[in-house]
Amino acid sequence: MLAPEDKLKFTPKPYLSATARFASGGDTPRDFLERCLADLAALEPKVLAFVHLDLDAARKVADESTARWRAGKPLSKLDGMPVGIKDIIETIDMPTGQGSPLFTGCRTERDGASVIALREAGTVILGKTVTTEFASSEPLGPTKNPHDLTRTPGGSSSGSAAGVAAGMMSAALGTQVLGSTIRPASYCGVIGFKVSLGALNRGGSYDGLSQSCTGVLATTLEDAWQVAYEIASRVGGDPGYPGLYGPASAPAAKKPSRVAFLETAGWAVASADAKQAMTDALARLKAAGIEVLTRQSCAKIAALEAAVVDARALSMRINGWESRWPLNTYRQRDASKVTPVMLKRLAEAEASTLDDYRKNLAQRDQARALYAELAADVDACVSLSAPKAAPKGLASTGDPSCTVHASLIGMPSISLPVLQDEGMPLGLQVTGFLNRDADAFAAAGAIKALF
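Mapping of the sequence shown onto the working numbering: position 351 corresponds to residue 369, and the numbering continues sequentially without gaps.
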């Protein structure tokens, strides 16, 4: 049983459902912000989601948004939305520390592409949220899970997930290269949205790995989609990518006819209660008329499961080679300020070769091809977002074995906070197909409505 000091009371802050009141005058963005800031004042000293706050600037922007809504001229549907920015993405008016003492107080004097897009949409940026060192796996950092302060919030987008869950803001930006959006969303009980590879412009984000994507943590599906849409409509996707496809508002829920259940490597280490929760969820889908294919009933799924069973190790080899620079420059600058985890990753990368990297890419391409074949047979795939509830302790970001397959294959994925384990949130993950993020969202909406 939790001690009283480990139990928090908080109120989620869905945003788009409030904008009708802004238009009618029944509420204002400034009043909405103040409700968020009241929770922030009460909870942030315990949750520790932020590394930097600028509340005076936030109030000023909220007042400007209030004036626009009163004039009937909001900049977007998100005008006035309180958001946080993962501290791996540049902000012109705040430091970007990358979770590293090497960059404490570092100011680049420019906004990342996603940040300037959100400013142009009128959002209210509260501050920078905690990330692990260089948005990698360890160490976690100070952030705690608002559902249980003795547990990890997950990472590396730990501050973004915890801050949204605690009601300090409606949405926040994260990133994902293994599971850094979906896993903390699962642990903290919020919506997590990892877009198709390249669908959101990562300019000014220091996670320049070939599997990395910008992610969104939000209170509702509608808010998550809108954040991604407003970014894509202003700055597009990564260079050479077509950007996020989909409508100007969240796609309407559409029940999938057939889904694939992916065990992933996480099933072998999942808790008994998590497995039961997923089994019950699959039964619920079947009762709703959705056909569920598995590795036992479909040869294509069996082949894919075999191809992604070592997705974590393969991803780490790819990421390691791609991290050789700039980690070598950081070591040269001051190795004492780089964690042993990162120095070990650099040493492993320096022991590998370009030919090794090419072989790893070819193996990844094979997995992506196998996954693409499923598009002819199913509308989406479902799996656990994490193998169990957020672990006790604050040393680890948690196990990415349920999420890394989506990063390896570059597909859109959404974590729905509809399951539980140990009385804690646990996500159900819906994975779609490349550049069909809207279809994945429509399926996720229909699945969420079943719970």
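For glycine and all other residues, C-beta sits at the position ideal for the given N, C-alpha and C.
Residue i to residue j, Cα distance in whole Å?
{"i": "R330", "j": "F40", "result": "45 Å"}
{"i": "L446", "j": "Q350", "result": "43 Å"}
{"i": "L144", "j": "A135", "result": "15 Å"}
{"i": "A278", "j": "I209", "result": "21 Å"}
{"i": "A394", "j": "T109", "result": "42 Å"}
{"i": "V69", "j": "S188", "result": "18 Å"}
{"i": "G222", "j": "S132", "result": "8 Å"}
{"i": "V287", "j": "R125", "result": "42 Å"}
{"i": "D374", "j": "R276", "result": "38 Å"}
{"i": "F459", "j": "S425", "result": "17 Å"}
{"i": "D49", "j": "S175", "result": "27 Å"}
{"i": "D105", "j": "A217", "result": "20 Å"}
{"i": "K293", "j": "P63", "result": "35 Å"}
{"i": "Q384", "j": "M360", "result": "28 Å"}
{"i": "L93", "j": "A387", "result": "41 Å"}
{"i": "A367", "j": "R342", "result": "6 Å"}
{"i": "T147", "j": "T161", "result": "9 Å"}
{"i": "Q244", "j": "A268", "result": "7 Å"}
{"i": "R77", "j": "G307", "result": "48 Å"}
{"i": "A380", "j": "F211", "result": "27 Å"}
{"i": "A60", "j": "F28", "result": "9 Å"}
Give the single residue among the options whose Cα lies nearest to the Cα of residue i.
{"i": "L452", "options": "E340, Q116, P430 and T297", "result": "P430"}
{"i": "N219", "options": "L120, L364 and I249", "result": "I249"}
{"i": "K95", "options": "S214, A295, A278 and R137", "result": "R137"}
{"i": "H165", "options": "T149, S175, G159 and A183", "result": "A183"}
{"i": "G102", "options": "L71, S155, K212 and L26", "result": "L71"}
{"i": "R382", "options": "M360, E391, W343 and G428", "result": "G428"}
{"i": "D397", "options": "A462, L468 and T238", "result": "A462"}
{"i": "L58", "options": "T46, G44, D45 and L73", "result": "L73"}
{"i": "S401", "options": "A242, L311 and F152", "result": "L311"}
{"i": "L34", "options": "D111, D328 and T141", "result": "T141"}
{"i": "L215", "options": "C206, G254 and T237", "result": "G254"}
{"i": "T238", "options": "R454, P435 and L26", "result": "P435"}
{"i": "V326", "options": "R454, L196 and P344", "result": "L196"}
DSSP state of residue i, grouped into three classes?
{"i": "K272", "result": "coil"}
{"i": "A217", "result": "coil"}
{"i": "M112", "result": "strand"}
{"i": "M360", "result": "helix"}
{"i": "C54", "result": "helix"}
{"i": "N378", "result": "helix"}
{"i": "E23", "result": "helix"}
{"i": "E309", "result": "strand"}
{"i": "L437", "result": "strand"}
{"i": "S370", "result": "coil"}
{"i": "A189", "result": "strand"}
{"i": "V13", "result": "As displayed, the chain neither begins before 19 nor continues past 469, which places residue 13 out of reach and without an answer."}
{"i": "L227", "result": "coil"}
{"i": "K95", "result": "coil"}
{"i": "C206", "result": "helix"}
Use the C-beta contact count for residue i: other C-beta atoms within 10 angstroms, 16 or more gives buried, fewer gives exposed.
{"i": "W339", "result": "buried"}
{"i": "N378", "result": "buried"}
{"i": "D225", "result": "buried"}
{"i": "T114", "result": "buried"}
{"i": "N346", "result": "exposed"}
{"i": "V90", "result": "Note that residue 90 is Gly in the sequence shown, not Val. Result: exposed."}
{"i": "L372", "result": "exposed"}
{"i": "T149", "result": "buried"}
{"i": "D352", "result": "exposed"}
{"i": "L55", "result": "buried"}
{"i": "F469", "result": "exposed"}
{"i": "K410", "result": "exposed"}
{"i": "Q194", "result": "buried"}
{"i": "A180", "result": "buried"}
{"i": "G130", "result": "buried"}
{"i": "S118", "result": "buried"}
{"i": "D298", "result": "exposed"}
Please confirm whether any heavy atom of the ligand MG lies closer than 8 Å to the CB of residue i.
{"i": "L34", "result": "The ligand MG is not part of the structure shown, which contains no ligands of any sort."}
message: I'd like to know if the stretch 401-417 and the stretch 282-292 are in contact, where contact means that at least 3 CB-CB pairs between them fall below 8 Å.
response: Yes, they touch.
- prompt: Between the stretch 301-309 and the stretch 413-422, do three or more beta carbon pairs fall short of 8 Å?
  reply: no
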